[in-house]
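S.K.: Numbering (the numbering used here), first residue to last: 3 to 303.
Dropping the structure here:
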């Protein structure tokens, strides 16, 4: 193991201990009643609410997924997806946040989304609550699982230990469960707030550092211009293997490399339907429980 890898392990370990410490700290405040445990007694400040809401959503996909798409297929898909997500985020805060904060308290002081639906629409038989709970349980389990997979893939990539992928996924899940179950909603929101700051700093530092190391923006632009349709917002780059065949998941082939350069084909057009599909990613924000709960917990509407 190299000295750089040891530093990374130490950094990860310190952060894990710090997060668990936050959970223990808030355990004293969150265990007095269910309102405090599940919703922080509606005392979330604006900075923590905003940063934790976005960090809880823009996690693995922002640091690994979206850059991976841009690296693999060019600017088109990544830029249109980013625009859709930005619009979705803004509209969610503009149209939903204040209303949900206000009516979740009026509707029987609801502390969960299923509870809010049931109280808001006077569902005495709790049918809406049951359906909403099942939807969140099924689909959010898949979503959360993808985040744990991201942790395992990142560990394997950094340390070259793919054989420990399953162990790292389990470790990530256990870690999150520990500080969340101990500290409740406030612990989760605080760690997400800190993660949001770290993510913001990391994105800037990595972008600036990589650009400087390559030789500046001019060199970056020159290299990207050599890849067909890589910077075209209405086109998409097509990675190919060493035989010239397009790289696809179905084929299971890998992108070829020649003289230290990744291989790309002639590129393809990016149609209106594809662009609309990317923009539609922003619609997901209106139904994300981890974001909507932050709206319900804001200190005042």
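Don't be surprised by glycine CBs; every beta carbon is placed ideally from N, CA and C.
As the structure is a prediction and not an experimental result, all values here were calculated from the model.
Please name the residue in 278, 106, 143 and 132 whose C-alpha comes closest to that of residue 302.
M.R.: With distances taken between Cα atoms, residue 302 lies closest to 106.
S.K.: Using the Cβ count rule (16 or more neighbours within 10 Å means buried), how would you classify residue 118?
M.R.: Counting Cβ neighbours within 10 Å, residue 118 comes out buried, since at least 16 surround it.
S.K.: Under the three-state reduction of DSSP, which class applies to residue 61: helix, strand or coil?
M.R.: DSSP places residue 61 in coil when its eight states are reduced to three.
S.K.: Any chance you could list the alpha helix (DSSP H) runs of at least 4 consecutive residues sitting entirely within the region 48-120, in chain order?
M.R.: Correct list: 48-59, 68-75, 77-93 and 100-108.
S.K.: Return yes when the Cβ of residue 187 is within less than 7 Å of the Cβ of residue 20, no when it is not.
M.R.: No. Outside cutoff.
S.K.: Measure the C-alpha to C-alpha separation of residue 173 and residue 136 and round it to an integer number of angstroms.
M.R.: Taking the straight line joining both Cα atoms gives about 26 Å.
S.K.: Mapping the DSSP letters down to three states, classify residue 171 as helix, strand or coil.
M.R.: Helix.
S.K.: Could you give the C-beta distance for residue 72 and residue 233, rounded to a whole number, given that I count them as a contact under 8 Å?
M.R.: Contact doesn't hold; Cβ gap of about 10 Å is too wide.
S.K.: Check whether the Cβ atoms of residue 25 and residue 203 sit closer than 7 Å, and answer yes or no.
M.R.: No, Cβ-Cβ distance for residue 25 and residue 203 is not below 7 Å.
S.K.: Taking the Cβ atom as the reference point for each residue, do residue 237 and residue 271 lie within a distance shorter than 7 Å?
M.R.: Contact: yes.
S.K.: Would you list, in sequence order, the uninterrupted beta strand (DSSP E) runs of no fewer than 3 residues that lie entirely inside the region 180-230?
M.R.: List check, beta strand (DSSP E) in window: nothing returned.
S.K.: If you reduce the DSSP assignment to three classes, tell me which class residue 267 lands in.
M.R.: In the structure shown, residue 267 sits in coil (DSSP, three-state: anything other than H, G, I, E or B).
S.K.: Go through its chain and collect everything with a Cβ distance to residue 259's Cβ below 7 Å, but skip five positions before and after it.
M.R.: Around residue 259: 265.
S.K.: Starting from residue 300, follow its DSSP beta bridges and name the residues at the other end.
M.R.: Residue 300 pairs with 46.
S.K.: Put residue 240 into one of helix, strand or coil per three-state DSSP.
M.R.: Note: residue 240 maps to coil in three-state DSSP.
S.K.: For residue 66, collect the residues of the same chain with a Cβ closer than 8 Å to its Cβ; drop the 5 residues on either side in sequence, then sort them by chain order.
M.R.: Correct list, in chain order: 152, 155 and 156.
S.K.: In chain order, what residues of the same chain lie with their CB nearer than 7 Å to the CB of residue 122, ignoring the 5 residues before and after it?
M.R.: Around residue 122: 105 and 109.
S.K.: Write down the C-beta distance between residue 90 and residue 287 rounded to the nearest angstrom, noting that I regard them as a contact closer than 8 Å.
M.R.: Yes, residue 90 and residue 287 are in contact; Cβ-Cβ is about 4 Å, under 8 Å.
S.K.: Taking the straight line between their C-alpha atoms, what separation do you get for residue 239 and residue 273?
M.R.: Near 13 Å, if we compare the C-alpha coordinates of residue 273 and residue 239.
S.K.: Could you tell me which of 244, 268 and 54 sits nearest to residue 261, measuring between CA atoms?
M.R.: Ranking 244, 268 and 54 by Cα distance to residue 261 puts 244 first.
S.K.: Alpha carbon to alpha carbon, how far is residue 11 from residue 127? Give it in angstroms, no decimals.
M.R.: Straight-line Cα distance between these residues: approximately 51 Å.
S.K.: The alpha helix (DSSP H) with residue 37 in it runs from where to where?
M.R.: First-last of the alpha helix (DSSP H) with residue 37: 36-41.
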